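The end of the sequence shown is residue 188 by the numbering used here, with every number in the run present. For each residue, glycine too, the CB sits at the ideal point set by N, CA and C. These figures come from a predicted structure and were not determined experimentally. For reference, the structure discussed in these notes is given below.
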Amino acid sequence: MARKSGLLQSIQIPVKGDINWPALSKFGVNIIDEIHEFRNFELLYPYLDDRNQSYLFCTTEYGETPEPFLTRCIRFTFEPYVVKDLAKIVRSYSKSRRFTFNSAEAYTLVAEASRGSPRLAKQRYDRIKRMLDYYGQSPNVDNIRFVLNKIGIYDFGYSAEDFRYLEYLKKIPASSLDNISRT
Numbered sequence: 006m007a008r009k010s011g012l013l014q015s016i017q018i019p020v021k022g023d024i025n026w027p028a029l030s031k032f033g034v035n036i037i038d039e040i041h042e043f044r045n046f047e048l049l050y051p052y053l054d055d056r057n058q059s060y061l062f063c064t065t066e067y068g069e070t071p072e073p074f075l076t077r078c079i080r081f082t083f084e085p086y087v088v089k090d091l092a093k094i095v096r097s098y099s100k101s102r103r104f105t106f107n108s109a110e111a112y113t114l115v116a117e118a119s120r121g122s123p124r125l126a127k128q129r130y131d132r133i134k135r136m137l138d139y140y141g142q143s144p145n146v147d148n149i150r151f152v153l154n155k156i157g158i159y160d161f162g163y164s165a166e167d168f169r170y171l172e173y174l175k176k177i178p179a180s181s182l183d184n185i186s187r188t
């Protein structure tokens, strides 16, 4: 599936199998998201040599991408958003949804629970809004904290499972992690 807008073209490629590229313009930018899920990287190499096409490969799992492929790419790492910026994003999003919170602290609470991700911040906002509507509660800090705890989101946006995993990792000697390989 391809979406095209001017020089920008987004192509959905299969995880396995051949690539069926749509007709590309003379010059263009091709965006491939979740590249770490792709399995036949060798199929991409000939396309990377085309000087008229640029490719943007996106992933949140850099370590899952093979080294020969990575050496052909330039890496840009984006840092997580700071809480202050996320709170602004949640505030703007809440205005577009016509359901605003009672205080700046409420937006900060949602931002802190989003692990630096605007997408997760919006998801948390939507879930909080639904729960507050369901319980008929006002959007104040105490009620937002109650909802976050009710859905299993605690300090810094971590779930109970996250905390159990962190406790488990604390028990493992650091030296035993040296020989772990990702496959």
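Query	Result
Indicate the three-state DSSP secondary structure (helix, strand or coil) for Q142 in the structure shown.	coil
Quick test of the definition: if touching needs 3 or more C-beta pairs under 8 Å, does the region 59-74 touch the region 97-108?	no
Would L53 and R77 qualify as a contact pair, given that the criterion is a beta-carbon distance under 9 Å?	yes
Which term fits F83, buried or exposed, when burial requires 16 or more other beta carbons within 10 angstroms of its beta carbon?	exposed
In the DSSP assignment, what are the bridge partners of Q58?	G33
Can you give the Cα-Cα distance for G157 and Q142, rounded to whole angstroms?	18 Å
Over the uninterrupted alpha helix (DSSP H) stretch that includes I94, give me the two end residues.	88-101
Tell me, please, whether the region 130-147 touches the region 160-177 by the rule of three or more beta-carbon pairs shorter than 8 Å.	no
Verify whether the separation of the beta carbon atoms of I149 and P123 is less than 9 Å.	no
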